[in-house]
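Scroll down for the structure; my scribbles are underneath it.
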Amino acid sequence: MAEKKTTRGQFLLLLLIIAVAFTHLAICPFTKVEESFNLQAIHDIVYHKLDLEKYDHHEFPGVVPRTFLGPIFIALLSSPAICVLSLLQMSKFYTQVIVRGSLGLCVIYALWRLHKEVRKQFGSTVAVLFCLITATQFHLMFYCTRTLPNVFALPVVLLAATSWIQQKQFPFIWFSSLAIIVFRAELCIFLGLMLLVTIFNKRLSVLRMLSYAIPAGAFWLGLTVVTDSVFWRQVLWPEGKVLWYNIVLNKSSNWGTSPFLWYFYSALPRGLGCSILFIPLGAVDRRTRVLILPTIGFIFLYSFLPHKELRFIIYTFPVFNIVAAKGCSRILNNYKKSWLYKLGSLFVVAHLLANAAYSGVSLYVSHFNYPGGVAMQKLHQLVPPTKYVSVHIDAASAQTGVSRFLEVNSNWKYDKREDLKPGDQLMFSYTHILMEMDPIQVSHYKRTHRIVAQIHGTTGITLNFTVLPPFTLNLKSQLALLEKLPTSGS
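In the numbering used here, the protein residues as written are 293 to 782.
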């Protein structure tokens, strides 16, 4: 009976994590420019298959090439559901939701494998708290369905970390090689530190490590080079090129730089929420210290790279959550000992509610961050599907939610070419224009087009303690949808 109860409880926790991740997906179904390569690649694999000439990356290659191995895997994983959608003749937009959901399930599967090992190593209380902490934090649940290179690497890193905790060196090295060589080269720091701990503790000899690492490295390197050379039409190791561009040339700094300690004072507090307060207490346990040392070491060493983003260290959040869960369990397990532990137990529950509240607010704000996607939906709602349409999509729209999956009418012409400027003669030939809401730029079309919709986006929030909830969302018109006047010539 007790075993049945435990199984039911675990199933409910799994359902909770899936429900939270898919709620984030449903409320924010669109994507941004950082996710575009992988998303467009999945689209092209699904709809163009071996017709490589039609692939989006030939026209929009991005700053650095990325691997097709991740998109191929997600496209294959999603294909049964996509076939059903096709038979039901449903919009391609739902295919985007399906492929993102498939990626999210990969992350959740790896999280669940980690959770099962946490249960084995630390007990059921820590495992339950690990799930609750993970489900109530915003960034991990929000990002797990986003087609970023970091998120493609995330389930592989989690499987590697689980194998490392289990002291299964062979799968650890193979998963690590996959994550480093195919998806994110900088993970050699994180996973390399884990490997050093293993070697230092004499659980793996250098010779045995090499006997695992050399075949693994050769296999994954060969697979990515062969596959990606076909898709990119040149001999290529994508992640090697990314490593050279970002680390050696330090070109990533062109996208902004942050202070050395930014990950510690900004990214981690936002990513972990109130759970960060329990990490020192959890780190008292020697087993959790072994987990946390490579994690902190990775963030410290990675901080030397000036360009920083929260998603670059997202792999560390589940590890920190294990330590935080251990800290919370120490308080809950001593609940009856004194009033101080009772107060602490109340704080454990309150911190989960605070995390959930922060996640709710963040998700609400994020909903307004994709005006390009909303604009594309608005276009298809306002214009009859039988009408001839040629629409130009500018950079501001393309970077905030527009994807090939939103090009749902096969008879319309969608154009994202970047060599046209507002007011260029060719721009007047489009029946519709999706562009940034800049009055000066829009004025070029006052004689030829009219504004049929303005799409709002968020510019931030303002605290306002006179209302509930105590904040005001600042919205402004960010994009305009223009339609050609019936009397306007070409």
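For every residue, glycine included, the Cβ atom is placed at its ideal position computed from N, Cα and C.
Span of the alpha helix (DSSP H) around Thr519 | Here residue 519 corresponds to residue number 227 of the sequence shown, with the count starting at 1. That run of the alpha helix (DSSP H) goes 498-524.
Under three-state DSSP, which class holds Gln332?
-> As a working note, residue 332 is residue 40 in the sequence shown. In this structure, Gln332 counts as helix in the three-state DSSP scheme.
Buried or exposed: which applies to His741, given that a residue is buried once 16 or more other Cβ atoms fall within 10 Å of its Cβ?
-> Counting from one through the sequence shown, the residue named residue 741 turns up at place 449. It is buried - the Cβ of His741 has at least 16 other Cβ atoms within 10 Å.
Under three-state DSSP, which class holds Asn756?
-> Your numbering for residue 756 matches position 464 in the sequence shown. Coil.
Ordered along the chain, which non-local residues of its own chain (more than five positions away) have a Cβ less than 6 Å from that of Ala445?
-> For the purposes of this step, residue 445 is identified with residue 153 of the sequence shown, where counting begins at 1. Closer than 6 Å at the Cβ level, and outside the excluded window around Ala445, lie Ala471, Phe475, Arg476.
Round the Cβ separation of His724 and Val700 to the nearest angstrom and send it over; I've been treating them as touching at under 8 Å.
-> Locating residue 724 in the sequence shown gives position 432, counting from the first residue. Locating residue 700 in the sequence shown gives position 408, counting from the first residue. Contact flag wrong, Cβ pair sits at about 14 Å.
Tell me, to the nearest whole angstrom, how far the beta carbon of Leu674 is from that of Val734; I am working on the premise that it is less than 8 Å.
-> For the purposes of this step, residue 674 is taken as the residue at position 382 of the sequence shown. For the purposes of this step, residue 734 is taken as the residue at position 442 of the sequence shown. Wrong, their Cβ atoms sit about 17 Å apart, outside the cutoff.
Less than 8 Å between the CB atoms is what I'm expecting for Gly509 and Ser469, so what's the real figure, rounded?
-> Working through the sequence shown from its first residue, we reach residue 509 at position 217. Working through the sequence shown from its first residue, we reach residue 469 at position 177. Rounded, the Cβ-Cβ distance is 5 Å, consistent with contact.
Below 7 Å CB to CB, which residues in the same chain sit around Leu573 once its five sequence neighbours on both sides are set aside?
-> Translated into the one-based positions of the sequence shown, residue 573 becomes position 281. Within the same chain, Leu573 has close Cβ partners Gly619, Arg622.
Give the straight-line distance between the Cα atoms of Asn330 and Ile568, rounded to the nearest whole angstrom.
-> For this step, residue 330 is matched to residue 38 along the sequence shown. For this step, residue 568 is matched to residue 276 along the sequence shown. C-alpha separation (whole angstroms): 32 Å.
Taking Leu773 as the reference, which of Gln669, Ser702, His316 has the closest Cα?
-> Here the question's residue 773 lines up with position 481 in the sequence shown. Answer by Cα proximity: Gln669.
Report the option in Cys566, Leu771, Ile364 whose CA atom is closest to the CA atom of Asn647.
-> Residue 647 sits at position 355 when you count from the first residue of the sequence shown. Checking every option, the nearest Cα to that of Asn647 belongs to Cys566.
Neighbourhood of Ile753 by C-beta distance below 7 Å, restricted to the same chain and skipping five residues each side | Numbered from 1 along the sequence shown, position 461 holds the residue referred to as residue 753. Contacts found: Val657, Phe763, Thr764, Leu765, Asn766.
DSSP on Tyr627, reduced to helix/strand/coil?
-> On the sequence shown, residue 627 is found 335 positions in, with the first residue counted as 1. Coil at Tyr627, not helix or strand.
Have a look at the DSSP bridge pairing and note the partners of His748.
-> The count along the sequence shown starts at 1 and reaches residue 748 at position 456. Note: His748 sits in a beta bridge opposite Ser769.
Identify every residue that forms a DSSP beta bridge with Arg742.
-> Counting from 1 along the sequence shown, the entry for residue 742 is found at position 450. DSSP output for Arg742 lists Glu775 as bridge partner(s).
Measure the alpha-carbon distance for Val576 versus Leu307 and round it to whole angstroms.
-> Translated into the one-based positions of the sequence shown, residue 576 becomes position 284. Translated into the one-based positions of the sequence shown, residue 307 becomes position 15. Approximately 31 Å between the Cα atoms of the pair.
Does the distance from the CB of Ile400 to the CB of Ile309 come in under 7 Å?
-> Sequence index remark: in the sequence shown, residue 400 carries index 108 (1-based). Sequence index remark: in the sequence shown, residue 309 carries index 17 (1-based). Yes, these two residues count as a Cβ contact at 7 Å.
Beta carbon of Met486 nearer than 7 Å to that of Pro586 = Residue numbering aside, residue 486 sits at position 194 when the sequence shown is read from its first letter. Residue numbering aside, residue 586 sits at position 294 when the sequence shown is read from its first letter. Result yes, Cβ atoms of Met486 and Pro586 sit closer than 7 Å.
Quick one: Cα of Arg579 to Cα of Tyr386, how far?
-> To locate residue 579, count along the sequence shown from 1; it is residue 287. To locate residue 386, count along the sequence shown from 1; it is residue 94. Straight-line Cα distance between these residues: approximately 44 Å.
Go through the segment 304-380 residue by residue and report every complete run of the alpha helix (DSSP H) that reaches 4 residues or more, in order.
-> 328-339, 361-379
Whether Ala617 touches Ile425 by CB criterion (7 Å) = Taking the first residue of the sequence shown as 1, we reach residue 617 at position 325. Taking the first residue of the sequence shown as 1, we reach residue 425 at position 133. In this structure, the beta-carbon distance from Ala617 to Ile425 falls below 7 Å.
In chain order, what residues of the same chain have a beta carbon less than 8 Å from the beta carbon of Asp707, not counting five sequence neighbours either side?
-> Locating residue 707 in the sequence shown gives position 415, counting from the first residue. Once the five neighbours on either side are set aside, the close Cβ partners of Asp707 are Ser682, Val683, His684, Ile685, Tyr722.
Nearest CA to the CA of Arg562: which residue from Asp336, Arg603, Tyr662?
-> Position 270 of the sequence shown, counted from the start, is the residue given in the question as residue 562. Closest option to Arg562, Cα to Cα, is Arg603.
What three-state label does DSSP hand Glu793 in the structure shown?
-> Coverage of the chain is limited to positions 293 through 782, which leaves residue 793 absent and any answer about it impossible.
Nearest to Thr298 by alpha carbon, out of Arg411, Pro663, Leu380, Asp730?
-> Sequence index remark: in the sequence shown, residue 298 carries index 6 (1-based). Here the closest residue by C-alpha is Arg411.
Does the beta-carbon distance from Ile606 to Asn442 come in below 7 Å?
-> Translated into positions along the sequence shown, residue 606 becomes position 314. Translated into positions along the sequence shown, residue 442 becomes position 150. Between Ile606 and Asn442, the C-beta spacing is below 7 Å.
Could you please give the first and the last residue of the uninterrupted alpha helix (DSSP H) stretch that includes His684?
-> By 1-based counting over the sequence shown, the position of residue 684 is 392. Segment 682-685 is the beta strand (DSSP E) holding His684; no alpha helix (DSSP H) there.
Is Thr764 helix, strand or coil by DSSP?
-> Looking up residue 764 in the sequence shown gives position 472. Looking at Thr764 - three-state DSSP - the assignment turns out to be strand.
Could you have a look at Lys705 and say whether DSSP puts it in helix, strand or coil?
-> As a first step, residue 705 is located in the sequence shown; it is residue number 413 there, counting from the start. Reduced to three states, the DSSP call for Lys705 is strand.
Would you say Val534 and Val355 are within 7 Å of each other, going by their C-beta atoms?
-> If you number the sequence shown from 1, residue 534 lands on position 242. If you number the sequence shown from 1, residue 355 lands on position 63. Not a contact, by the Cβ cut-off of 7 Å.
Taking only the alpha-carbon atoms, compute the straight-line gap between Leu496 and Tyr650 and give it to the nearest angstrom.
-> Residue 496 sits at position 204 when you count from the first residue of the sequence shown. Residue 650 sits at position 358 when you count from the first residue of the sequence shown. Near 43 Å, if we compare the C-alpha coordinates of Tyr650 and Leu496.
Range covered by the alpha helix (DSSP H) that runs through Leu798 | As shown, the chain starts at 293 and ends at 782. That puts residue 798 outside it, with no answer to give.
Which ranges does the alpha helix (DSSP H) cover as unbroken runs of at least 4 residues, wholly within the segment 639-677, from first to last along the chain?
-> 663-674
Could you check how far apart the C-beta atoms of Leu564 and Phe609 are, in whole angstroms? I think they sit under 8 Å.
-> Here residue 564 refers to the residue found at position 272 of the sequence shown. Here residue 609 refers to the residue found at position 317 of the sequence shown. Going by Cβ atoms, the distance from Leu564 to Phe609 rounds to 6 Å, so yes, they are a contact pair.
Can you grab the Cα-Cα spacing for the pair Phe680 / Leu380, in whole Å?
-> Position 388 of the sequence shown, counting from 1, holds the residue named residue 680. Position 88 of the sequence shown, counting from 1, holds the residue named residue 380. The sequence shown places Tyr at residue 680, not Phe. In a straight line, the C-alpha of Tyr680 is about 25 Å away from that of Leu380.
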